[in-house]
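Structure first, commentary second.
In mature numbering (1 follows the signal peptide of the UniProt record, and there is no 0), the protein residues as written are -23 to -1, 1 to 150.
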């Protein structure tokens, strides 16, 4: 026993109050415990974060009716491809299985890093378009027709597609 506890007990002894025991009514005395079901609210959790890097097949395309739909200059997110675009425009079309609308990890307008194609085509791209539904785990890099005919056309397997962290939004405090 510590000294402080001893002093408190000595200075302020506990009081005992004698009260006659209350008799319980017979209905309360004969109750037995029973099981009670308790409804616990289930909080929906967000999906587990998907990996930040994916291995995909990459190809190049340019806006013409043979490679796109009837409106080749309009992308799936409603953006209009600039008339004087080139591979420096850095727009990307992804297969539908890669878009969040169909259960994938990416959104329209999201920035991604593409690496493993070539020095000219590797870099940061913005997702603006989607590919035909027959494609799976693929990306299409927007280029100019002249660039494709000068050597940028091709198919590259095992390309790394990485999510970029969102840029912080600065606000005055």
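Where a beta carbon is used, it is the ideal one built from N, C-alpha and C, also for glycine.
So what does DSSP say about residue i, is it helix, strand or coil?
| i | result |
| --- | --- |
| residue 60 | coil |
| residue 106 | strand |
| residue 68 | strand |
| residue -16 | helix |
| residue -21 | helix |
| residue 87 | coil |
| residue 124 | helix |
| residue 117 | strand |
| residue 141 | coil |
Please check the pair residue i and residue j, which I expect to be a contact at CB under 8 Å, by giving their CB distance rounded to whole angstroms.
| i | j | result |
| --- | --- | --- |
| residue 69 | residue 102 | 4 Å |
| residue 104 | residue 136 | Not quite, the Cβ-Cβ distance comes to about 15 Å (not below 8 Å), so this is no contact. |
| residue 156 | residue 83 | The chain is shown only over -23 to 150; residue 156 falls outside these bounds and no answer can be derived. |
| residue 64 | residue 120 | 4 Å |
| residue 36 | residue 132 | 5 Å |
| residue 86 | residue 54 | 7 Å |
Using beta-carbon positions only, say whether residue i and residue j come within less than 8 Å of one another.
| i | j | result |
| --- | --- | --- |
| residue 89 | residue 33 | no |
| residue 113 | residue 74 | yes |
| residue 31 | residue 141 | no |
| residue 152 | residue 17 | No answer is possible for residue 152: the residues shown for the chain start at -23 and end at 150. |
For residue i, list the residues DSSP reports as bridge partners.
| i | result |
| --- | --- |
| residue 136 | 33 |
| residue 51 | 57 |
| residue 155 | Since the first residue shown for the chain is -23 and the last is 150, residue 155 is missing from the structure and cannot be characterised. |
| residue 76 | 83 |
| residue 100 | 91 |
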